[in-house]
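Visitor: Take 18 as the starting number for the sequence shown in this note's numbering and just add one per residue.
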Amino acid sequence: MSDPPFSDAESSRFVLHFLTDQWEWEEGAPAETLEQAKLGARDALTAVVRDESPEVACVTLTDHGVKVGVWDWVGDQPYWTGV
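1. Can you give me the Cβ contacts of Ala-33 inside the same chain, cut-off strictly under 7 Å, excluding the 5 residues immediately before and after it?
2. By the three-class DSSP mapping on this structure, what secondary structure does Gly-82 have?
3. Taking the runs of the beta strand (DSSP E) that are 3 residues or longer, which of them lie wholly in the stretch 31–90?
4. Going by DSSP, what residue range makes up the beta strand (DSSP E) through Gly-99?
5. Give the secondary structure of Ser-28 by DSSP, where H, G and I count as helix, E and B as strand, and everything else as coil.
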């Protein structure tokens, strides 16, 4: 998969860093609070797994460049590990 033509990651407070066994990319998370960003990251990971069916998938959430936590796909559901 090629990189998206535009990513607002550089201008966003919250950034989602996606990683699968096939590709990686990042994008800004349109959220005003950490909880909104965390839920959005979970939903985004669920969509990636549903649409792409990767063997390995996770999304790391950062706030102003600081790692907050990671959503990993484990079995048939997302699992949150906070930092």
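Each residue gets a CB set at the ideal place from its N, CA and C atoms; glycine is no exception.
Computed from a predicted model, the values in this text were never measured in an experiment.
Guide: So, from the data block:
1. It is Leu, not Ala, that sits at residue 33 in the sequence shown. The residues are Glu-43, Glu-44, Ala-46, Ala-58, Ala-61, Val-76 and Leu-78.
2. coil
3. 31–37, 41–46 and 74–80
4. 94–99
5. helix
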